[in-house]
Amino acid sequence: DAGVIQSPRHEVTEMGQEVTLRCKPISGHNSLFWYRQTMMRGLELLIYFNNNVPIDDSGMPEDRFSAKMPNASFSTLKIQPSEPRDSAVYFCASRKDTGNTIYFGEGSWLTVV
Amino acid sequence: AQSVSQHNHHVILSEAASLELGCNYSYGGTVNLFWYVQYPGQHLQLLLKYFSGDPLVKGIKGFEAEFIKSKFSFNLRKPSVQWSDTAEYFCAVTSNNAGNMLTFGGGTRLMVKP
Numbered sequence: 007d008a009g010v011i012q013s014p015r016h017e018v019t020e021m022g023q024e025v026t027l028r029c030k031p032i033s034g035h036n037s038l039f040w041y042r043q044t045m046m047r048g049l050e051l052l053i054y055f056n057n058n059v060p061i062d063d064s065g066m067p068e069d070r071f072s073a074k075m076p077n078a079s080f081s082t083l084k085i086q087p088s089e090p091r092d093s094a095v096y097f098c099a100s101r102k103d104t105g106n107t108i109y110f111g112e113g114s115w116l117t118v119v
Numbered sequence: 006a007q008s009v010s011q012h013n014h015h016v017i018l019s020e021a022a023s024l025e026l027g028c029n030y031s032y033g034g035t036v037n038l039f040w041y042v043q044y045p046g047q048h049l050q051l052l053l054k055y056f057s058g059d060p061l062v063k064g065i066k067g068f069e070a071e072f073i074k075s076k077f078s079f080n081l082r083k084p085s086v087q088w089s090d091t092a093e094y095f096c097a098v099t100s101n102n103a104g105n106m107l108t109f110g111g112g113t114r115l116m117v118k119p
């Protein structure tokens, strides 16, 4: 099994630019999560999809953040425009049904300068 | 409010010392409990999980955790730590009362001195 695949692994961008992070969940998994990790705030759940439908996006910081899941094998997290305070590691995770283990990707390390 | 609390933010131990990291949660309903480990510069990896049955669960690398329902706790233990256990440890909970989303505690940074 290939695991959860995220891209890019590292991105450095200038303030104001659009950033798109991508995630391919494990095949057969029907739940997908986007988390953000920072030193100050730890691991924060941004948004949770189930069967491609956003279930809870209360963790999305503000309108600059948006996430989509057009099909069961792909999701994007977009930041437009990016700001330095968005610098963090963004993890995507997936799970097969509720009550099962959630598996994490290797993360996208974002630096906004 | 529903939350997951890890009381120890930083722990420093010498090799061969015993480890216990605390985790308490405030969710009701049916809970599933997890411990994840994050080695420096790496992603989160599952150490162990509790869904049902024996409240003492054993995970990888000699770790174990005990679910005590009456105390809303799921503490992580290891009898003898190694330098390679230096990492950050996260307790996490899902609850059917909270949409089955995985919520993390604040993490505990463990440093094991050789």
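Here the protein sequences line up with chains V and F, keeping their order. Going by the numbering used here, the first residue of the first sequence is number 7, and it counts up by one from there. Going by the numbering used here, the first residue of the second sequence is number 6, and it counts up by one from there. Backbone N, C-alpha and C fix where the C-beta goes; we use that ideal spot for every residue, glycine too. Remember, predicted model here, so these are calculated numbers, not experimental data.
Exercise. Please compile the residues from chain F whose C-beta is within a distance smaller than 8 Å of the C-beta of G113/V.
Key: H48
Quiz prompt | Own chain residues within Cβ distance below 7 Å of N58/V, not counting five before or after | solution = M75, N77 and A78
Practice problem: Identify whether G67/F lies in helix, strand or coil by the three-state DSSP scheme. | Solution: helix
Exercise. Could you name the residues of chain F that Y54/V contacts, counting a contact when the two beta carbons are closer than 8 Å?
Key: G104 and M106
Quiz item: Taking Cβ-Cβ distances shorter than 7 Å, what residues in chain V pair up with G111/F?
Solution: G48
Quiz item: Can you name the residues of chain F whose CB is closer than 7 Å to the CB of I61/V?
Solution: G104
Self-check item: Proximity below 7 Å, CB of F68/F to CB of N29/F
Solution: no
Quiz item: Name the residues in the segment 79-113 of chain V whose C-beta lies less than 7 Å from a C-beta of chain F; which are they?
Solution: F97, T104, G105, T107, I108, F110, G111, E112 and G113
Quiz item: On the premise that L51/V lies in contact with M106/F, defined as a C-beta separation below 8 Å, what is that separation, rounded to the nearest angstrom?
Solution: 6 Å
Practice problem: Identify whether N101/F lies in helix, strand or coil by the three-state DSSP scheme. | Solution: helix
Quiz item: Using Cβ-Cβ distances below 7 Å, what residues of the segment 72-101 of chain F are close to chain V?
Solution: F95
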